[in-house]
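Working notes, beginning with the structure itself.
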Amino acid sequence: MFPVVPERALLELARTEGGSDTLTLLVRDQDTRRLLLLRAVLDAAEGAERSVCTAAQKARLRADWALLTEADRLPSPGAPTSEHRPGRTATRRDRDAPPGARGTRAVADAPTGAWSTHAADDAPTGAWRSRAGAGAAPAGGDARFANPARARLFHPLTGPWARSCLRGLDAAPRPAGGERERRLRRDLAHFSAIAAVVAAGAGIPFSTRLTARAGVLALPSLGALHTARSGDVPVDVTCTEGRLVLRQADAPDVTVHLESGVGAWSGALAWTPAHALPGLTPTAPPLPLDDLDPYRELPDGPGHGDLRTPLALDDAERKRWLQAWSGTALALRTGGAQRLAEAGALLRCLVPLETPPDVGTGRGSCSATRREAFGALLSSTPPDPVTLAATLVHELQHAKLAALSDLVTLHRAGPAARYFAPWRADPRPYDGLLQGTYSHLALAAFHQRRALVDGLPDRDWAWAQHARYRAQVGAALPALVGSPDLTVRGRRFVDEMAATHERMAEHPAPRGHVARAQAYVASARTLWTRRHASTLPPSNG
1 MFPVVPERAL LELARTEGGS DTLTLLVRDQ DTRRLLLLRA VLDAAEGAER
51 SVCTAAQKAR LRADWALLTE ADRLPSPGAP TSEHRPGRTA TRRDRDAPPG
101 ARGTRAVADA PTGAWSTHAA DDAPTGAWRS RAGAGAAPAG GDARFANPAR
151 ARLFHPLTGP WARSCLRGLD AAPRPAGGER ERRLRRDLAH FSAIAAVVAA
201 GAGIPFSTRL TARAGVLALP SLGALHTARS GDVPVDVTCT EGRLVLRQAD
251 APDVTVHLES GVGAWSGALA WTPAHALPGL TPTAPPLPLD DLDPYRELPD
301 GPGHGDLRTP LALDDAERKR WLQAWSGTAL ALRTGGAQRL AEAGALLRCL
351 VPLETPPDVG TGRGSCSATR REAFGALLSS TPPDPVTLAA TLVHELQHAK
401 LAALSDLVTL HRAGPAARYF APWRADPRPY DGLLQGTYSH LALAAFHQRR
451 ALVDGLPDRD WAWAQHARYR AQVGAALPAL VGSPDLTVRG RRFVDEMAAT
501 HERMAEHPAP RGHVARAQAY VASARTLWTR RHASTLPPSN G
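To convert, note that position 22 of the sequence shown is 22 in the working numbering; the numbers rise steadily by one, no gaps.
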């Protein structure tokens with residue numbers, strides 16, 4: 001069912017590159033997995049005990065799913081037909097019909113190519129291409145997809161929502177009224193908001209009741225309503241002709257007008273619109289800058305440090321994002337045309353984070369990606385375009401390698417943290433070392449390409465960055481290449497990484513930068529050895 005990665009694509013990715021076909025392969029596979037994840041949510045809900053998922057919740061999930069199917073049946077924008085025309089009212093029979101007789105048939109009645117496990121392979125021509133040259137997107141949608149249903153379900157933050165649903169549905173029954181029950185109730189209610197956004201973007205008139213969470217009703221890609229009362233309160237929503245009317249008790253109605261892309265506007269102070277940055281290239285659609293989605297937070301755990309606090313942007317922060325973003329395409333291009341191409345193909349939204357106090361000033365920033373949110377990049381406010389471009393290069397390598405690892409087993413190393421990585425003070429597991437080395441190899445190439453551009457204002461700084469990243473990669477590669485846990489294809493991948501690192505010597509950095517970088521790595525190794533070597537088995541020296 002999942003595609004085979006050709007040898008050419010494997011080697012492209014090992015060089016931290018990837019042509020159009022290779023990137024499309026990764027994207028299509030991730031989107032297929034998203035549909036499988038959504039089916040798993042429906043199956044888990046249908047099979048859950050009533051103490052976990054009530055009959056009313058299951059019925060609402062079926063109705064929401066039917067509304068999504070109704071939107072998916074609509075033709076691509078600009079091609080209405082008499083059978084499926086925009087604006088056709090979804091009937092009660094359409095919405096209440098269960099997607100299948102049993103949980104294992106949750107998507108059996110979906111149209112061919114829409115929600116089946118082979119949906120990605122059945123996508124309309126052009127639906128899986130890069131942003132450049134794509135057609136106009138429906139409201140709240142993505143120009144790469146033929147309809148708003150797929151655009152919404154493939155939005156990165158739908159992945160964390162689905163994972164949260166599965167955790168709640170798969171847990172053992174517990175007494176009513178607990179935190180897990182409240183979380184699952186909110187998770188399932190959020191699917192109704194997703195379905196409403198999809199239907200609105202498709203031009204389907206409807207009336208429904210949604211539930212605000214802690215006084216906020218988030219409508220993904222459109223905006224958020226701040227309710228008059230706190231807590232989880234009902235909000236009645238009516239959609240007609242591109243306009244939503246949001247009605248709640250003890251407050252005036254709020255009328256929201258859908259934009260042609262991301263966002264929706266209203267004159268009501270209770271409404272906060274979703275925001276987006278201009279397309280990375282002139283032909284690309286706007287890129288969501290998502291500071292409203294309730295599933296943008298990083299999960300708890302030691303791996304994310306201080307990065308789990310998303311930032312709600314004010315006008316000043318939004319302006320700083322726009323200023324940095326406006327020069328990012330040029331900064332990416334000076335680091336290689338491939339860097340701009342991969343950002344256009346893989347990046348689907350940016351999630352702003354608070355800047356931890358230890359980041360400091362100057363060009364400091366923090367960033368992250370989430371495996372379950374393919375296409376999302378989380379970052380603190382970037383100080384300048386070059387820093388943001390480098391952040392994109394760094395984080396998109398993590399996304400590429402994670403997507404490749406879903407298709408190809410590169411190694412069978414265990415999770416033991418035992419390896420030295422010059423960019424970390426703690427020991428790393430093999431997979432973590434591979435991920436870090438891969439992203440640092442891309443940064444070394446990015447800064448080298450920029451340093452080779454004549455007349456670059458910060459050329460000396462670019463050489464310094466290249467020298468540092470290349471020295472770090474050189475210190476980590478012996479452990480990667482020498483591992484007995486590599487598979488055959490994994491060895492091909494790591495060997496090509498090493499060859500890429502060696503080819504950089506054809507254009508060396510100035511000797512002073514190289515010497516300082518090597519001294520930095522040597523000091524980091526010495527300090528790491530003092531702290532950890534006595535408690536760890538030998539790894540990479």
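Just so it is clear, CB atoms sit at the ideal spot from N, CA and C, and this is done for glycine as well. Because the structure is a prediction, the values reported are computed rather than measured.
So, at 6 angstroms on beta carbons, what are the nonlocal neighbours of A110 in its own chain, with the 5 sequence-adjacent residues on each side left out? At A110, the pLDDT of 34 sits below 50, so the modelled position is not reliable and the matter cannot be decided from this model.
Fully enclosed by the stretch 16 to 66, which alpha helix (DSSP H) runs are 4 residues long or longer? 20 to 47
Apart from the five residues on each side of it in sequence, which residues of its chain come closer than 7 angstroms, Cβ to Cβ, to G133? Residue placement at G133 cannot be trusted, given a pLDDT of 31 that sits under 50; what the coordinates show is reported in the next sentence. Around G133: T283.
F2 classed as buried or exposed, judged by whether at least 16 other C-beta atoms fall within 10 angstroms: exposed
Which residues mark the beginning and the end of the beta strand (DSSP E) in which V453 is found? Neither: V453 is in no beta strand (DSSP E) and is coded neither H nor E.
Round the Cβ separation of D232 and T211 to the nearest angstrom and send it over; I've been treating them as touching at under 8 angstroms. 6 angstroms
First and last residue of the uninterrupted alpha helix (DSSP H) at D426: No alpha helix (DSSP H) contains D426, which DSSP labels as neither H nor E.
What's the gap between the Cα of L377 and the Cα of L388? 11 angstroms
Can you tell me whether G223 is helix, strand or coil according to DSSP? strand
Inter-stretch contact at 8 angstroms, needing at least 3 Cβ pairs: the stretch 404 to 414 / the stretch 439 to 459: no
How should K319 be labelled, buried or exposed, when 16 other C-beta atoms within 10 angstroms of its C-beta is the threshold for buried? exposed
Within 10 Å of its beta-carbon, does R348 have 16 or more other beta-carbons around it, so buried, or fewer, so exposed? buried
Give the secondary structure of T391 by DSSP, where H, G and I count as helix, E and B as strand, and everything else as coil. helix
List the DSSP bridge partners of S379. P352 and S367
Inter-residue spacing [alpha-carbon to alpha-carbon] between T227 and C239: 18 angstroms
Residue range of the beta strand (DSSP E) that D253 falls in? Neither: D253 is in no beta strand (DSSP E) and is coded neither H nor E.
Nearest candidate by alpha-carbon position, reference A200, set R50, P156, S164 and V237: V237
Under 8 angstroms, with one C-beta from each stretch per pair, do the stretch 489 to 503 and the stretch 2 to 15 reach the 3-pair mark? yes
Residue closest to V41, alpha-carbon to alpha-carbon, out of W65, G19, A56 and T24: W65
Residues bridged to A276 (per DSSP): P288
Leaving out five residues on either side along the sequence, give the residues of the same chain with a beta carbon under 6 angstroms from the beta carbon of P382. A324, S365 and L388
Is it the case that the Cβ atoms of L346 and L340 are separated by a distance below 8 angstroms? no
Using CA coordinates, which residue listed in D187, R167 and A202 is at the minimum distance from A151? A202
Nearest-angstrom Cα distance between T104 and D72? Caution is warranted here: a pLDDT of 30 is assigned to T104, below 50, making its placement in the model unreliable, and the coordinate value is therefore given only provisionally. In a straight line, the C-alpha of T104 is about 21 angstroms away from that of D72.
Under the three-state DSSP convention, the category R492 falls into: helix
Rounded to whole angstroms, what is the Cα-Cα separation between T409 and L480? 15 angstroms
I need the boundaries of the alpha helix (DSSP H) containing P357, first residue and last residue. Unbroken run through P357: none, as it is neither H nor E.
Going by beta carbon distance, what residues of the same chain come within less than 6 angstroms of D485, once the five residues before and after it are set aside? H411, R412 and A413
Counting only runs of 3+ residues fully inside the stretch 145 to 217, write out the beta strand (DSSP E) ranges in chain order. 206 to 211
Per the DSSP calculation, L246 is bridged to which residue(s)? V237 and V254
DSSP on L486, reduced to helix/strand/coil? strand
Exposed or buried, what is G512 when buried is set at 16 or more other beta-carbons lying within 10 Å of its beta-carbon? exposed
What's the C-alpha gap between V386 and V521? 24 angstroms
Per DSSP, what are the beta-bridge partners of W271 in this structure? L225
Cross-strand partners of H411 (DSSP beta bridge): L486
CB-CB under 6 angstroms to L392, same chain, minus the five flanking residues each way: which ones, in chain order? A343
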